[in-house]
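So for the sequence shown, my numbering puts the first residue at 35; every next one is plus one.
Beta carbons: idealized from backbone N, C-alpha and C, even for Gly.
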Amino acid sequence: MSKRLSSKSNIWLTGASSGIGEAVARELANHGHNLIITGRRQEALEALASGHPGQMVSAAADTTVEADLAGIQETLGHFGDLDMAILNAGTCEYLDVANYDSKIIEANIMTNVVGTARSVDIALPALRATRAKGKPATLVIVSSSAWWFPFARAEGYGASKAALTYFAQALRADLAAEGIDVVVVSPGFVKTPLTDRNDFPMPFIISAEDAATRIRTGLEKGRSEIAFPRRFTWTLKALGALPQSIIDRMAASMARKDNH
Ligand SMILES: NC(=O)c1ccc[n+]([C@@H]2O[C@H](COP(=O)([O-])OP(=O)(O)OC[C@H]3O[C@@H](n4cnc5c(N)ncnc54)[C@H](OP(=O)(O)O)[C@@H]3O)[C@@H](O)[C@H]2O)c1
35 MSKRLSSKSN
45 IWLTGASSGI
55 GEAVARELAN
65 HGHNLIITGR
75 RQEALEALAS
85 GHPGQMVSAA
95 ADTTVEADLA
105 GIQETLGHFG
115 DLDMAILNAG
125 TCEYLDVANY
135 DSKIIEANIM
145 TNVVGTARSV
155 DIALPALRAT
165 RAKGKPATLV
175 IVSSSAWWFP
185 FARAEGYGAS
195 KAALTYFAQA
205 LRADLAAEGI
215 DVVVVSPGFV
225 KTPLTDRNDF
235 PMPFIISAED
245 AATRIRTGLE
255 KGRSEIAFPR
265 RFTWTLKALG
275 ALPQSIIDRM
285 AASMARKDNH
């Protein structure tokens, strides 16, 4: 039986000011845990924290900026030893291939990969200190299942999440000897401000609250890979097992015809 989240835990959560992160913050607070919540928008963080007095403290930071992260490092100890860090802050910027611009790729990589890697700079020492006391310590990285199929326009987003998943899984191997768990969360479509901008069909989309419950229960069960909803992730896995030439034809047929 997993010990994770079995007692009141102190959790750092990035990307808490909207969408999945905000729902995860509420879900974990409602289950008795303490949260240090991060995002760039201080007001949104404070509004969230005010609904859970004594259980949430805001620590505004841009996760791509090392100085911002250094500025909140001490706050990670606000409630005592840090039991878990959930690195969820992310962005999704689509490429318009007719106006190809590598800045789109860079923006996705900067927030999703570099921002997460920089967050680990401050999360890891805190988790190591907790682990040194014999307590469980968990690093959770919110990736995506989007990169399992070569979706048109997702060159930047998919590349960033493929890199992020590799980063997390390799870190899992490196930290295994220290007993620090690394968990990868790979959601399908979740209704949030990020996906509200999409103008294409999003099969099997779920609410942010549903996503938050699935993340909490997956963590409690001790899972190291949490992917949902299964209808979507299994479909992607099945498609991924097809020969590349068939995948390429399907992907091209799904691409917009007005982008050349
Ligand atoms: N929604 C989906 O369908 C879906 C599917 C798979 C994976 N995901 C992943 O889930 C995570 C959350 O996405 P979401 O859908 O909930 O999007 P969202 O509503 O846009 O939330 C993104 C969060 O990340 C924060 N953030 C973005 N850039 C940041 C930065 N540089 N520094 C600090 N915080 C930053 C935002 O806060 P501020 O604006 O206040 O900084 C916000 O709280 C992302 O990693 C996303 O890739 C989402």
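Query, Result
"Residue nearest to Pro235 in terms of C-alpha spacing, selected from Ile156, Arg257 and Lys225", "Lys225"
"Enclosing beta strand (DSSP E) for Asn68 [first to last residue]", "Asn68 to Thr72"
"Alpha-carbon to alpha-carbon, Arg257 and Ala246", "15 angstroms"
"Enclosing alpha helix (DSSP H) for Met284 [first to last residue]", "Gln278 to Met288"
"Inter-residue Cα distance where the pair is Ala78 and Asn44", "21 angstroms"
"Check: Arg75 C-beta below 7 angstroms from any heavy atom of ligand 1", "yes"
"C-beta contact flag for Ala285 and Phe223 at 8 angstroms", "no"
"Contact under 8 angstroms by Cβ, Trp181 with Lys167", "no"
"Endpoints, beta strand (DSSP E) assigned at Ala261", "Glu259 to Phe262"
"Straight-line gap, Asp130 to Ile143 (C-alpha atoms, nearest Å)", "17 angstroms"
"Test item: CB-CB of Val216 and Leu173 under 8 angstroms", "yes"
"Min CB distance Phe262 to chain D below 8 angstroms", "The chain inventory of the structure shown lacks chain D, comprising one protein chain alone."
"Outcome for Met288 when other beta-carbon atoms lying within 10 angstroms are tallied against a minimum of 16", "exposed"
"Length-filtered (4 minimum) alpha helix (DSSP H) runs lying within the stretch 127 to 200", "136 to 143 and 149 to 166"
"Residues near His65 by beta carbon distance below 7 angstroms, same chain, minus five either side", "Arg250"
"Residue burial classification, Ile280 (beta-carbon count within 10 angstroms, cutoff 16)", "exposed"
"Cβ-Cβ separation, Arg38 to Pro221 (assumed contact under 8 angstroms), whole Å", "At roughly 19 angstroms, the Cβ-Cβ gap does not stay under 8 angstroms, so Pro221 and Arg38 are not in contact."
"CA-to-CA distance, Leu198 to Glu140, given in whole angstroms", "14 angstroms"
"Selection from Ser40, Ser41 and Ile54 that minimises the alpha carbon distance to Ile175", "Ile54"
"Extent of the continuous alpha helix (DSSP H) run through Leu103", "Glu100 to Ile106"
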